[in-house]
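A.B. asks:
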Amino acid sequence: STHKLCRLDLNPEPSSYDTAVLTYENPWTIPNLLCVCRILLAPFLGHLIIQQKFHLSLALFALAGATDLLDGYIARTWPTQKSALGSALDPLADKILISILYVSLTYAELIPAPLTALVIFRDIGLIAAVFWVRYKTVPPPVTLTKFFNPCYTTAQLKPTLISKINTAIQLCLVAASLAAPVFQYTDSILLQCLWYITAVTTTASGYSYWHYGRKTVQVLNTRSPS
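The sequence shown begins at 178 in our numbering and counts up one residue at a time.
Now the structure itself:
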C-alpha cells in the first residue's frame, strides 16, 4: 500500500518530480538478510586478517562471496524477493566488507596504504551521496524514524557499468591478497599490477558517479498532480 504524504520538489528544472509518495516494502527478504549477514561477517573477517589467520580468512571470504552471488541470484529469479532496499543494501554490504578488508590487509602489509585510502575515500563519498538522496526524497517533515525506516523506499540505485567492474576487481584483489601468504606469492609482480588496475578502476568508478549524477538514481513512487 502507498501513503501520500506531501509535495516534494526534487529538481528545480521544469521536468522535476512534483509529488513524492512513500511505498511500504517488506525488508525481510532472503537477499536482504544475506546482505546483513555479509555486513556482520566483515568485522570478524577483518579481525582474523589482523591476527594473520589467512587460511580461515580466505575460507570465510569465499563464504561471503557466495552469499553475494546467492542474494543476486535469488533476487533475479524470484521477483517477490527483489526490493529497492536490496538495491541499496547490496552495494552497501560490499562497501562495508571491502573497506574493512582493505584496512585489515593494509595493516597486514598486503595492500598499500595509498590504495586503501583511495578506496575508502570513494566509498565515503558514495555513502554520503546516498544519504543526501535519501534526505532529498523523503517527504518532509524528515524525521529520523522516517529517514531510517527500511520499510519505506524512495529511491533505487542504478550502479554504472564501470562501478560493477570496479567492485569485481576490488574483490579480486582482496582474494589474491588473502591467498598470497597462503600460497607464498606476496612479492608477485602480478599482484602489484593488480594494485594499479584497482586504483584506476576505483578512480574511474568515482568519476562515473560524479559525471552521470542523477542518472544513477531512480526516484520511486513519484507522480504529477492531476
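Yeah, the Cβ is synthetic: ideal placement off N, Cα and C, and Gly gets one too.
Apart from the five residues just before and just after Y284, which ones in its own chain have a Cβ nearer than 6 Å to its Cβ?
C.D. replies: If we look at Y284 and ignore the five residues flanking it on each side, its Cβ neighbours are I227.
A.B. asks: Could you check what DSSP says for L287 in three-state terms: helix, strand or coil?
C.D. replies: Correct three-state label for L287: coil.
A.B. asks: Comparing C-alpha positions only, which one of G302, V280, L233 sits nearest to V359?
C.D. replies: The shortest Cα separation from V359 among G302, V280, L233 belongs to L233.
A.B. asks: Between the C-alpha atoms of L348 and D245, what's the straight-line distance to the nearest angstrom?
C.D. replies: Approximately 11 Å, taken between the alpha carbons.
A.B. asks: Taking L295 as the reference, give the member of L225, D267, I275, A252 with the closest Cα.
C.D. replies: The option with the nearest alpha carbon to L295 is I275.
A.B. asks: Nearest to C212 by alpha carbon, out of A243, L371, S354?
C.D. replies: Closest option to C212, Cα to Cα, is A243.
A.B. asks: Thinking C-alpha only, which one of P204, P220, I251, K335 is nearest I273?
C.D. replies: Residue P220 is the option with its Cα nearest to I273.
A.B. asks: Cβ of T283 less than 9 Å from any chain D Cβ?
C.D. replies: You won't find chain D in this structure, because it holds only one protein chain.
A.B. asks: Judging by CA-CA distance, which residue of Q229, W309, P256, T322 is the nearest neighbour of A332?
C.D. replies: Per the Cα distances, W309.
A.B. asks: If you scan the region 333-393 from start to end, which runs of the alpha helix (DSSP H) of 4 or more residues do you find wholly inside it?
C.D. replies: Counting whole runs of 4 or more residues, the region 333-393 contains the alpha helix (DSSP H) stretches 338-360, 366-389.
A.B. asks: If we ignore side chains and look at the alpha-carbon of each, how far apart do L407 and R299 end up?
C.D. replies: The structure shown does not extend to residue 407, since the chain is modelled only from 178 through 403, so no value can be given for it.
A.B. asks: Taking all protein chains shown into account, decide if A345 is buried (16 or more other Cβ within 10 angstroms of its Cβ) or exposed.
C.D. replies: The residue in question, A345, is exposed, as its Cβ has fewer than 16 Cβ neighbours within 10 Å.
A.B. asks: Taking just the CA atoms, how far does I304 sit from A270?
C.D. replies: Near 11 Å, if we compare the C-alpha coordinates of I304 and A270.
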